[in-house]
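First comes the structure, then the notes that go with it.
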Amino acid sequence: MSKISTYPTREERDNPFSFSVRETAAKYKSVIEPYYSDPKHHVKLFHGDCLKVLKYVHDVAPEGCVDTIFADPPYFLSNDGITCHAGKMVSVNKGKWDKSKGAYENHVFNLTWLEACQKALKPNGTIWVSGTSHIIHSVGYAMQLLGFKILNDIIWYKRNAPPNLSCRYFTHSTETVLWAAKNGKSKHYFNYPLMKEINGGKQMRNVWTMGAPSRAEKTFGKHPTQKPVELLYRILQASTKQNDLVLDPFCGSSSTGVAAMMLKRKYVGIDQESDYLDISKKRISEIIADPHLFDCLREDEKLREKLNL
Ligand SMILES: C[S@@+](CC[C@H](N)C(=O)[O-])C[C@H]1O[C@@H](n2cnc3c(N)ncnc32)[C@H](O)[C@@H]1O
14 MSKISTYPTR
24 EERDNPFSFS
34 VRETAAKYKS
44 VIEPYYSDPK
54 HHVKLFHGDC
64 LKVLKYVHDV
74 APEGCVDTIF
84 ADPPYFLSND
94 GITCHAGKMV
104 SVNKGKWDKS
114 KGAYENHVFN
124 LTWLEACQKA
134 LKPNGTIWVS
144 GTSHIIHSVG
154 YAMQLLGFKI
164 LNDIIWYKRN
174 APPNLSCRYF
184 THSTETVLWA
194 AKNGKSKHYF
204 NYPLMKEING
214 GKQMRNVWTM
224 GAPSRAEKTF
234 GKHPTQKPVE
244 LLYRILQAST
254 KQNDLVLDPF
264 CGSSSTGVAA
274 MMLKRKYVGI
284 DQESDYLDIS
294 KKRISEIIAD
304 PHLFDCLRED
314 EKLREKLNL
């Protein structure tokens, strides 16, 4: 019987998302078989619990291999409340994955996946995490406990937020997106000149006004908490370079993947629901086939040339 080494190959170390399944990696086989792979465009989607995939990534690249992570985790707000959608009263429930397990359990969950993401980041890598008051304080506290360096809290102001039906609260019209570096030593990348140019020559502030995803972004079905491509496009422009590896551990319909393809970044998405990965696959194929689909977002291209970026 041949001796099986427990060490990853050089290829796996250098490019853990090549996921070449060897005998030694057999224990990971079920988590590292990609659900969808497009090597030409550097895209891989994985079906399952992101913690399992991230565990594999850490085992094969303990020093980290991801440049930037965008995470849109469960907000844990599907607890039988109501909300307004297209002028109608509807249930707020998104799915089982979004049901609260209680404040303590929710916080342990945030700590666990954030720690796994921190390990996956390269030393100078950064993470963006979106959330509302339901989770963002837990996420921020977990980041502090884990030694991330919080760089910014972006306020996404939703110009077309739905009204508050109960009339007992102010209308919710913002989400927070925390941006953090792996740790205090990280020398993070920030495309300051481009952000300034996009903002008409003035320093860009941390309040971003953006609408909900357009109809064109929902051609292949809706994800109940889909993020607008515009938001991901801004995030990736600000914090990544061409060919960087972008990871989304809760990818849903892969708005992150669409923005990554538009900007020629590598993309790995993970989700535990195959229906959402099917939407992801179609959206990614669509933008690869028609890179001009969301050209209205590309105000940056001429600026890049001008700034020689
Ligand atoms: C808030 S949604 C993300 C939506 C996404 N940003 C988009 O634009 O479509 C969160 C996603 O996380 C997935 N999810 C929840 N827990 C997970 C886990 N432990 N591992 C992988 N995916 C998970 C859910 O299926 C859901 O699609």
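Residue numbers (this note's numbering): 14 to 322. For glycine and all other residues, C-beta sits at the position ideal for the given N, C-alpha and C.
*Is the beta carbon of K295 within less than 6 Å of some heavy atom of ligand 1?*
In the sequence shown, counting from the first residue as 1, residue 295 sits at position 282. No - ligand 1 has no heavy atom lying nearer than 6 Å to the Cβ of K295.
*Does the count of Cβ pairs from the region 291-302 and the region 50-58 closer than 8 Å reach three?*
Yes: the two stretches touch, three or more of their Cβ pairs being nearer than 8 Å.
*Given I140 as reference, the closest of N204, K162, R311 and V70 once Cα atoms are compared*: Taking the sequence shown and counting its residues from 1, one reaches residue 140 at position 127. Ranked by Cα distance from I140, the options N204, K162, R311 and V70 are led by K162.
*If S266 and H236 are in contact, beta carbons under 8 Å, what's the gap, nearest whole angstrom?*
Taking the sequence shown and counting its residues from 1, one reaches residue 266 at position 253. Taking the sequence shown and counting its residues from 1, one reaches residue 236 at position 223. Right, the Cβ-Cβ distance comes to about 4 Å (below 8 Å), so this counts as a contact.
*Extent of the continuous alpha helix (DSSP H) to which L159 belongs*: Against the sequence shown, residue 159 aligns to sequence position 146. Counting along the chain, the alpha helix (DSSP H) containing L159 begins and ends at I149 to L159.
*Other residues of its chain near H60: CB distance less than 6 Å, five sequence neighbours each side excluded*: Mapped onto the sequence shown, residue 60 falls at position 47. So the qualifying residues of the chain are Y48, S287 and L290.
_Same chain, Cβ closer than 6 Å to I82, neighbours up to 5 away in sequence not counted_ = In the sequence shown, the residue the question calls residue 82 occupies position 69. Sequence-distant Cβ neighbours of I82 in its own chain, meaning closer than 6 Å and more than five residues away, are C130, I140 and L260.
*asked:* Rounded to whole angstroms, what is the Cα-Cα separation between K101 and P175?
replied: As a working mapping, residue 101 is identified with position 88 in the sequence shown. As a working mapping, residue 175 is identified with position 162 in the sequence shown. Approximately 10 Å, taken between the alpha carbons.
*Give the secondary structure of C264 by DSSP, where H, G and I count as helix, E and B as strand, and everything else as coil.*
In the sequence shown, counting from the first residue as 1, residue 264 sits at position 251. It is coil, neither helix nor strand.
*asked:* Between which two residues does the alpha helix (DSSP H) holding A116 run?
replied: In the sequence shown, residue 116 corresponds to position 103, counting from 1. A116 -> alpha helix (DSSP H) spans A116 to A133.
*In the DSSP assignment, find the unbroken alpha helix (DSSP H) run with M208 in it and report its ends.*
Locating residue 208 in the sequence shown gives position 195, where the first residue counts as 1. M208 -> alpha helix (DSSP H) spans Y205 to I211.
*asked:* Any heavy atom of ligand 1 closer than 6 Å to the beta-carbon of T1?
replied: This structure cannot speak to residue 1, because the chain is shown only from 14 to 322.
*Do you know how far the Cα of G138 is from the Cα of F233?*
For the purposes of this step, residue 233 is taken as the residue at position 220 of the sequence shown. For the purposes of this step, residue 138 is taken as the residue at position 125 of the sequence shown. Rounded to whole angstroms, F233 to G138 spans 32 Å at the Cα level.
*In the structure shown, what three-state DSSP assignment does K215 receive?*
Counting from 1 along the sequence shown, the entry for residue 215 is found at position 202. Looking at K215 - three-state DSSP - the assignment turns out to be coil, as it is neither helix nor strand.
_ligand 1 heavy atom lying under 6 Å from the CB of S179_ = Stepping through the sequence shown from its first residue, residue 179 is reached at position 166. S179: no, Cβ never under 6 Å from ligand 1.
*Could you tell me the distance, in whole angstroms, from the CA atom of V66 to the CA atom of I45?*
Working through the sequence shown from its first residue, we reach residue 66 at position 53. Working through the sequence shown from its first residue, we reach residue 45 at position 32. Their Cα atoms are separated by approximately 7 Å.
_Bridge partner(s) assigned by DSSP for L191_ = Position 178 of the sequence shown, counting from 1, holds the residue named residue 191. According to DSSP, L191 bridges with V142 and D166.
*Helix, strand or coil: which one does DSSP assign to D111?*
Against the sequence shown, residue 111 aligns to sequence position 98. Of the three classes helix, strand and coil, the one that applies to D111 here is helix, per DSSP.
_Suppose you measure from the CA of D93 to the CA of K107; what does that come to, to the nearest Å?_
Here residue 93 corresponds to residue number 80 of the sequence shown, with the count starting at 1. Here residue 107 corresponds to residue number 94 of the sequence shown, with the count starting at 1. Taking the straight line from one Cα to the other gives about 10 Å.
_Using a Cβ-based criterion (distance less than 6 Å to any ligand heavy atom), does W110 qualify as near ligand 1?_
Position 97 of the sequence shown, counted from the start, is the residue given in the question as residue 110. W110 Cβ: within cutoff of ligand 1.
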